[in-house]
Structures are given as C-alpha cells and as structure tokens.
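Taking it in order: structure first as structure tokens, then the write-up.
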Amino acid sequence: MVVAENLAPSELKKLRNKQRKAKRKAEQESAQAREAQVKRDQHHKSRQQGDVEADAPQLDELIPDKLARVEDPLEQAIKFLQPLQTLATDCVETHLMAFEVYYRKRKVLLMLQSIKRAHRINPTHPKLHGCLIRFLQVVKENKATFDPAVTEVITSETKSLLITKEAKALNTDFLERNKNSLKATLECARVMHLLDSNSQQEAVSLVTGIDNNYTDVDIETCTDILKSLRGGDFGTCPEETVEGFMLRCHARYPYALAFAPALDSYLRTDQAQTNHLCDHDFGTN
C-alpha cells in the first residue's frame with residue numbers, strides 16, 4: 078500500500094491524477110449501467126403495454142410454427158430466391174424454383190423468364206416440361222386479359238423455344254421420347270391429369286408400374302410418386318392403388334422407411350397436414 082506522506086510532491090500529484098481518472102471511469106461505467114437498466118425496464122414495460130417505441134429493435138420470440146407460417150409466404154420466398162438467382166444462376170433448380178413462385182403469383186413474364194433460363198441450362202429436365210405446360214395453360218386461360226405487348230413477347234419467346242404444338246401434343250411427344258425414364262413419366266402423368274381430369278387411371282398406371290423398363294427407378298422418385306398419389310396430383314386415388322404401390326416399393330426397398338407398412342397411417346396424416354399448409358400458405362396471390 079502506498080503511503081501518501083512518504084511520496085515526493087511530483088509522485089503524489091501523479092497518484093492523485095490516477096485516482097481521479099479511476100473515479101471518473103468508475104462513475105461513467107456506473108452511469109452507463111444505470112442507463113442500460115432503465116432502457117431495459119422501459120422496453121419491458123412498453124412490451125407489456127403493447128406500446129413498443131418505433132426505434133426499438135423487435136425482440137420477437139423464436140416460435141417455429143410462427144416462423145414457418147408467415148403472412149406473406151410468396152414475398153418471403155422471393156426474398157430467398159433473389160440471392161440464388163444471382164449466386165446460383167447456372168443451377169437449373171434455381172429457375173425451376175423461381176417458376177413455382179411466379180406461377181403462384183401469376184407473373185406470366187417472370188414465369189417465361191424462368192423457363193428460358195432453365196431451358197438454357199437443361200432443356201430436357203422433366204420438371205421444366207411440367208413448368209412449360211402449366212405456363213401454356215395460364216397463357217391460354219388468360220390471354221384475353223393480356224396487354225398486346227405482353228402477348229407479342231410471349232408469342233415471340235415461345236417460338237424461340239420451338240413451342241409450336243398444343244399442350245397435350247407436347248406432353249405426348251415428351252412421354253414418347255422419355256418412355257424409359259420414370260422421372261420424366263411422373264411429370265408427364267401429372268401433366269396428363271392436369272390437362273384432363275378424366276385421365277386419372279391412365280396417368281396413375283404410368284407411374285405405379287415401377288417393374289416396367291424404367292432405367293432410373295430410385296427411392297427418391299418412388300417417394301415423389303407416393304406423395305403425388307396421396308397429395309392429389311392425380312385427384313383422389315383409390316386407397317388400394319396407393320397401398321399396392323407402397324407394397325411394391327417396400328418389396329423393392331425393404332429398408333426404406335417411406336414405404337414401411339407400419340408408417341402408412343403416419344404418412345397419411347403427415348401428407349394431409351402438408352397439403353393443408355400448402356393450401357393456406359401458397360395460395361394464389
């Protein structure tokens with residue numbers, strides 16, 4: 078311990094300066110702590126009263142269900158999509174995803190833009206075929222409401238994509254060219270039912286015969302087919318048709334949980350919940 082009486086005047090002066098600085102620093106820190114506590118108390122009180130200051134940061138609770146069901150899902154999807162369109166522009170899935178968003182928003186020119194970008198990367202992608210047919214259907218149903226300039230652009234660009242046939246003919250041609258591909262056949266079957274709801278039996282038979290000469294049968298595609306059967310892509314399918322397909326998949330992939338008979342009721346409930354969320358969150362805006 079330093080005894081002030083034993084210090085020289087100059088050393089004593091330095092000591093007192095240090096003490097004053099330390100005191101001021103301690104007072105400042107104490108004042109800052111008190112101010113921070115006051116702000117926290119005010120924020121807590123205003124939250125309770127429902128009167129949060131305009132410049133106060135939002136401290137919402139991280140509730141998963143709330144985060145998953147935003148009020149404007151399509152706008153949030155676009156915010157997620159835009160960086161991908163810049164950073165993953167050479168990935169066909171980026172543009173297929175973009176089409177799905179713009180299709181739900183009925184942004185016809187942006188739908189066309191997404192199709193062109195995907196076509197440049199992979200013109201034979203099965204999902205691109207489905208996007209193209211749905212685009213043509215939107216154009217057919219709404220052409221009378223389009224501005225003449227929009228109609229001119231659509232006509233010009235579809236010709237550049239060598240689209241000169243009606244949707245049904247395009248689907249038949251694509252199916253014929255890809256008759257050994259289950260992935261392509263699934264997309265064609267979906268389109269077939271979309272264009273003609275009376276074609277359910279034919280469409281379903283195309284995708285449930287996995288023992289045919291398909292060269293790309295895998296768990297992922299079979300799972301997609303099961304989801305389509307349960308999810309309404311082919312209308313309301315007879316339960317025996319769905320169960321029969323699931324049993325064939327189980328025989329082929331006995332360790333795949335998606336086709337385990339014991340999970341049948343669980344998958345049915347899960348798909349119903351998924352459909353409800355999609356209908357609620359991704360309805361046309």
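Just so you know, the sequence shown maps onto residues 78 to 362 in our numbering.
Ideal placement from N, C-alpha and C gives every residue a C-beta, glycine not left out.
Just so we're clear, the structure is a prediction, and the values are computed from it rather than from any experiment.
Cβ separation of aspartate 293 and leucine 259, assumed to be a contact under 8 angstroms, to the nearest whole Å: The residue you call residue 293 lines up with position 216 of the sequence shown. The residue you call residue 259 lines up with position 182 of the sequence shown. So it is a contact: roughly 6 angstroms between Cβ atoms.
With 16 other Cβ atoms within 10 Å as the buried cut-off, status of proline 86: By 1-based counting over the sequence shown, the position of residue 86 is 9. So proline 86 counts as exposed.
Reduced DSSP secondary structure (H/G/I, E/B, other) of aspartate 310: Along the sequence shown, read from residue 1 onward, the residue named residue 310 stands at position 233. Here aspartate 310 sits in strand by DSSP.
The region 187-198 contacting the region 248-258, beta-carbon criterion three pairs below 8 angstroms: No, the region 187-198 does not touch the region 248-258.
Backbone CA spacing between glycine 360 and threonine 232 [nearest angstrom]: Here the question's residue 360 lines up with position 283 in the sequence shown. Here the question's residue 232 lines up with position 155 in the sequence shown. Below a pLDDT of 50, predicted positions are generally treated as unreliable, and glycine 360, at 49, falls in that range; the measurement from the model is reported next regardless. If you draw a straight line from the Cα of glycine 360 to the Cα of threonine 232, it comes to about 28 angstroms.
CA-to-CA distance, proline 315 to tyrosine 330, given in whole angstroms: Position 253 of the sequence shown, counted from the first residue, corresponds to residue 330. Position 238 of the sequence shown, counted from the first residue, corresponds to residue 315. Each residue's Cα considered, the two are about 23 angstroms apart.
For threonine 235, the three-state DSSP class (helix, strand or coil): The sequence position of residue 235 within the sequence shown is 158, counting from 1. DSSP places threonine 235 in the helix class (H, G or I) of the three-state scheme.
C-beta contact flag for arginine 267 and glycine 312 at 8 angstroms: Position 190 of the sequence shown, counting from 1, holds the residue named residue 267. Position 235 of the sequence shown, counting from 1, holds the residue named residue 312. Remark: C-beta atoms of arginine 267 and glycine 312 do not approach each other more closely than 8 angstroms.
Close-in-space but distant-in-sequence residues of the same chain around arginine 325 (CB under 8 angstroms, 5 per side omitted): Taking the first residue of the sequence shown as 1, we reach residue 325 at position 248. Hits under 8 angstroms: Thr285, Ile287 and Asp288.
Helix, strand or coil at valine 147 according to DSSP, with G and I counted as helix: By one-based count along the sequence shown, residue 147 stands at place 70. Reduced to three states, the DSSP call for valine 147 is coil.
Phenylalanine 176 to leucine 271 span [Cα, whole Å]: Locating residue 176 in the sequence shown gives position 99, where the first residue counts as 1. Locating residue 271 in the sequence shown gives position 194, where the first residue counts as 1. Phenylalanine 176 and leucine 271 have their alpha carbons spaced roughly 17 angstroms apart.
Three-way DSSP call (helix, strand, coil) for threonine 201 in this model: In the sequence shown, the residue the question calls residue 201 occupies position 124. Coil, per DSSP.
Alpha-carbon spacing of aspartate 444 relative to asparagine 199, whole angstroms: For residue 444 there is no data in the structure shown, the boundaries of the chain being 78 and 362.
Assumed close pair asparagine 248, tyrosine 291 - CB separation to whole angstroms, cut-off 8 angstroms: Locating residue 248 in the sequence shown gives position 171, where the first residue counts as 1. Locating residue 291 in the sequence shown gives position 214, where the first residue counts as 1. No, asparagine 248 and tyrosine 291 are not in contact; Cβ-Cβ is about 18 angstroms, not under 8 angstroms.
The alpha helix (DSSP H) enclosing leucine 272, as first and last residue numbers: The residue you call residue 272 lines up with position 195 of the sequence shown. In the DSSP assignment, leucine 272 falls within the alpha helix (DSSP H) that extends over 259-272.
As assigned by DSSP and simplified to three states, the class of alanine 85: Here residue 85 refers to the residue found at position 8 when the sequence shown is read from its first residue. Alanine 85: coil per DSSP, three-state reduction.
Residue range of the alpha helix (DSSP H) that includes alanine 246: To locate residue 246, count along the sequence shown from 1; it is residue 169. Annotation for alanine 246: the continuous alpha helix (DSSP H) segment containing it runs 244-254.
Residue environment, valine 147, which counts as buried when at least 16 other CB atoms sit within 10 Å: As a first step, residue 147 is located in the sequence shown; it is residue number 70 there, counting from the start. So valine 147 ends up on the exposed side.
Cα-Cα separation, isoleucine 210 to lysine 304: To locate residue 210, count along the sequence shown from 1; it is residue 133. To locate residue 304, count along the sequence shown from 1; it is residue 227. Each residue's CA atom was taken as its position, placing isoleucine 210 and lysine 304 some 21 angstroms apart.
Test item: CB-CB of leucine 205 and leucine 239 under 8 angstroms: Within the sequence shown, residue 205 is the residue found at index 128, counting from 1. Within the sequence shown, residue 239 is the residue found at index 162, counting from 1. The answer is no: Cβ separation not under 8 angstroms.
For isoleucine 240, the three-state DSSP class (helix, strand or coil): Position 163 of the sequence shown, counted from the start, is the residue given in the question as residue 240. It is coil, neither helix nor strand.
Close Cβ partners of alanine 280 (< 7 angstroms) along its chain, the five nearest in sequence each way excluded: By one-based count along the sequence shown, residue 280 stands at place 203. Excluding positions up to five away in sequence, the list reads Ala266, Met269, His270 and Phe311.
Cβ-Cβ distance between phenylalanine 322 and isoleucine 296 below 8 angstroms: The count along the sequence shown starts at 1 and reaches residue 322 at position 245. The count along the sequence shown starts at 1 and reaches residue 296 at position 219. No. Outside cutoff.
Distance, arginine 101 Cα to arginine 55 Cα: Summary: the structure shown does not reach residue 55, with the chain confined to residues 78 through 362, and so no result is reported for it.
Under 8 angstroms between C-beta atoms of threonine 171 and glutamine 159: Within the sequence shown, the letter at position 94 stands for residue 171. Within the sequence shown, the letter at position 82 stands for residue 159. Contact: no.
Straight-line Cα distance separating valine 115 from valine 129: On the sequence shown, residue 129 is found 52 positions in, with the first residue counted as 1. On the sequence shown, residue 115 is found 38 positions in, with the first residue counted as 1. Any reading at valine 129 must be qualified, since the residue scores a pLDDT of 47, below 50, and its modelled position is unreliable; the value itself is stated next. The alpha-carbon separation between valine 129 and valine 115 amounts to approximately 15 angstroms.
Pair within 8 angstroms by beta-carbon distance, alanine 261 and proline 203: For the purposes of this step, residue 261 is taken as residue 184 along the sequence shown, with counting starting at 1. For the purposes of this step, residue 203 is taken as residue 126 along the sequence shown, with counting starting at 1. Using a Cβ distance threshold of 8 angstroms, alanine 261 and proline 203 count as a contacting pair.
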